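S.K.: Can you read through this structure? Questions will come right after.
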Amino acid sequence: MSLPDFTQRASDGPLDLRSEYTLHPTDEVRAEGTVLVELSEQIMQTDDHHESRPMVVFQFCGLTVGGRWMAAPAAAVAFRPAWSGHEPGTPTLVLGESGRLVTDLGRLLGNQPQHIQDAMDRVLQAIAMHFLTDMRVAHFRHDAANRRLQRAVHTHDLAAMRMHAATLRLARARTEVNTAAALVQAVRDHIEL
């Protein structure tokens, strides 16, 4: 079975995290419209921590399938690493890591006849491969890691500032206690005279 023909907007480069594709109908798969594609991330649970892995999010505009207006369905293709044990999906390699591409067609596309679902699954995976096998993923992961680092630095700095303020309050409280204890002792000494 063939899949819908698609073309990427000419102005989109290999480092853009977003792109636009136009679907063109074929004799076997009458799907046409525009799809906006964006690189995103998913968080996966490992044994003792969370890890980020790429996914591609699709938002269709003016999609028609088999002459039927589909409005604006959304879909996603996620990369599941081999260690995750996820069996269904298309085998692939992303940034040297083997795994599978898993498509979520969403409600609107998921309710189409099976041959349309299969064709849309293949075209979405073909587009996702453009995003997941070039420099975009490396840049995206670097940018995402840098954002997490900046949030961690901010959290650390905020905690250090709060710790400093708490240390000052503790020192003032100890000074007040020592001053009050000295006053008590002075009054006690004065009464005994």
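Residue 597 in this note's numbering sits at position 119 of the sequence shown; the count goes up by one each step and never skips.
Using N, Cα and C, we set each Cβ at its ideal position, and we do this for glycine too.
Small disclaimer: the values here were computed from a predicted structure and weren't measured.
Hey, how far is the Cα of residue 548 from the Cα of residue 537?
M.R.: The straight-line gap from Cα to Cα measures roughly 12 Å.
S.K.: What whole-angstrom Cβ distance do residue 485 and residue 510 have, given they're in contact under 8 Å?
M.R.: Contact flag wrong, Cβ pair sits at about 12 Å.
S.K.: Run the CB neighbour count on residue 569, radius 10 Å, all protein chains shown included, and call it buried at 16 or more, exposed below.
M.R.: Counting Cβ neighbours within 10 Å, residue 569 comes out exposed, since fewer than 16 surround it.
S.K.: Please specify which runs of the alpha helix (DSSP H), each continuous and at least 4 residues long, are wholly inside the region 555-608, giving them in chain order.
M.R.: DSSP runs (the alpha helix (DSSP H)) wholly in the region 555-608: 584-588.
S.K.: Would you list the residues sitting across from residue 528 in a DSSP beta bridge?
M.R.: BP columns for residue 528 point to 523.
S.K.: At least one CB of chain D closer than 9 Å to the CB of residue 642: is that the case?
M.R.: Absent from the structure is chain D; it holds one protein chain and no more.
S.K.: Assuming residue 583 contacts residue 606 under a Cβ cut-off of 8 Å, what Cβ separation, rounded to an integer in Å, is found between them?
M.R.: That pair is no contact at about 13 Å.
S.K.: What separation, rounded to the nearest whole angstrom, lies between the Cα atoms of residue 550 and residue 644?
M.R.: Approximately 53 Å, taken between the alpha carbons.
S.K.: By a C-beta neighbour count over all protein chains shown, 10 Å radius and 16 as the cutoff for buried, is residue 497 buried or exposed?
M.R.: With 16 or more other Cβ atoms within 10 Å, it is buried.
S.K.: Whose CA, out of 503, 512, 519, lies closest to the CA of residue 454?
M.R.: Residue coverage of the chain in this structure runs from 479 to 671, which leaves residue 454 outside it and unanswerable.
S.K.: By a C-beta neighbour count over all protein chains shown, 10 Å radius and 16 as the cutoff for buried, is residue 613 buried or exposed?
M.R.: Per the 10 Å Cβ criterion, exposed.
S.K.: Hey, out of 597, 591, 567, 529, whose CA is closest to residue 504's CA?
M.R.: Comparing Cα-Cα distances from residue 504 to each of 597, 591, 567, 529, the minimum goes to 597.
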